[in-house]
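Notes to accompany the following structure.
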Amino acid sequence: MTLYVTSLASGSSGNVLLVRSGDAALLVDCGLPLRTLEPALARVDVHPAQVSAILLTHEHGDHALSAGVLARRYGIPIVANQPTLAAIEQDLSGVPVQELATGAAATIAGFSVRSFPVPHDAAEPVGYTISAGRWCVGIATDLGHWNEAVVEGLAPADLVVIEANHDQEKLWRAPYVEVVKHRIYSPTGHLDNIAAGRLLARLGADGRRRSAWLAHLSREANTPQIAEQAVRGVLALTGVQYVSVVALPRRAPIHWSSDMHGEQLSLFD
Ligand SMILES: [Zn+2]
Ligand SMILES: [Zn+2]
846 MTLYVTSLAS
856 GSSGNVLLVR
866 SGDAALLVDC
876 GLPLRTLEPA
886 LARVDVHPAQ
896 VSAILLTHEH
906 GDHALSAGVL
916 ARRYGIPIVA
926 NQPTLAAIEQ
936 DLSGVPVQEL
946 ATGAAATIAG
956 FSVRSFPVPH
966 DAAEPVGYTI
976 SAGRWCVGIA
986 TDLGHWNEAV
996 VEGLAPADLV
1006 VIEANHDQEK
1016 LWRAPYVEVV
1026 KHRIYSPTGH
1036 LDNIAAGRLL
1046 ARLGADGRRR
1056 SAWLAHLSRE
1066 ANTPQIAEQA
1076 VRGVLALTGV
1086 QYVSVVALPR
1096 RAPIHWSSDM
1106 HGEQLSLFD
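To convert, count from 1 in the sequence shown and add 845; that's the numbering used here.
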């Protein structure tokens, strides 16, 4: 059973992750306007009617923007915990919903889905692991810091998608008002590059080979090069090998498949 993961959008202007296996497809977050999302799905040969469910991490607009309208138009259930559903209640009339309590597991369209809590300034934000057969993708964005629940949540993942929002020095020089900088920097704001690197190092201490996608990069306070360099630096310093690191582009689709990952693993054996 092959697991395919595609990032369609990542960052404060929209987050959409597509997870596929066989004929089944899930969206994790739906933070693009419909006029952008539908063509983005078409570009990777997916029609919205093929999507079995929309999983929401939290209610912020860059994650939930078109969830309600897409769900209503195509009859796709929205999966989220109760506080997140309550926060977007105004978008949910005529929309099928499936409540998944934080920390609970469910089988959705053949995928094993589990959520775990993340610290962020939303109603009840979560990360997810989604498994197909022996393969697993873990997603944790947005989060102000990481803790044991996040480590435990992400541990089974072969592909880890985590936030590497900003470079701390660049953040303080960025053209944001002070209150925004403090919100981003706070323990319930957004994860910086070094913290993302430390999280991957902690996960990587088990010696398992993983792929890592750095997500939700700030346009003003980060670049893909800076994020990748910082995270690889932390991994090198902590002696963690076997974690390949790629920063996600804001829009262009980027793909991961368990077949590709498995082939890379066999090169090491
Ligand atoms: Zn966000
Ligand atoms: Zn958020």
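The beta carbon of each residue, even a glycine, is placed where N, CA and C say it ideally should be. Remember, predicted model here, so these are calculated numbers, not experimental data.
Under 7 Å from any heavy atom of ligand 2, does the C-beta of residue i make it?
i: Asp874; result: no
i: Asp987; result: yes
i: Ala894; result: no
i: His1100; result: no
Taking 8 Å as the CB-CB limit, is residue i close to chain B?
i: Met1105; result: This model lacks chain B altogether; it includes just one protein chain.
Would you mind reading off the limits of the beta strand (DSSP E) that contains residue i?
i: Leu853; result: 849 to 854
i: Trp1101; result: 1099 to 1102
i: Ile1007; result: 1004 to 1008
Which value, in whole angstroms, describes the spacing of the CA atoms of residue i and residue j?
i: Gln943; j: Thr881; result: 25 Å
i: Gln935; j: His892; result: 26 Å
i: Leu879; j: Val940; result: 16 Å
i: Leu930; j: Asn1038; result: 30 Å
Just to check, is the beta-carbon of residue i closer than 7 Å to a non-hydrogen atom of ligand 1?
i: His1011; result: no
i: His990; result: no
i: Asn860; result: yes
At which residues does the alpha helix (DSSP H) containing residue i begin and terminate?
i: Val1079; result: 1069 to 1082
i: Thr929; result: 927 to 932
i: Thr881; result: 879 to 888
Does the Cβ-Cβ distance between residue i and residue j come in under 8 Å?
i: Arg1054; j: Leu1016; result: no
i: Ser960; j: Thr947; result: yes
i: Pro962; j: Ala994; result: yes
i: Thr902; j: Asp874; result: yes
i: His1106; j: Tyr849; result: no
i: His1035; j: His1011; result: yes
Evaluate the contact criterion for the region 971 to 987 versus the region 1021 to 1028: three or more CB pairs, one atom per stretch, below 8 Å.
Because the criterion of three Cβ pairs below 8 Å is not met, the region 971 to 987 and the region 1021 to 1028 do not touch.
Touch test, the region 886 to 902 against the region 1005 to 1017, Cβ-Cβ under 8 Å, three pairs minimum
Short answer: they don't touch.
Evaluate the contact criterion for the region 857 to 867 versus the region 1067 to 1074: three or more CB pairs, one atom per stretch, below 8 Å.
Too few Cβ pairs lie closer than 8 Å, so no.
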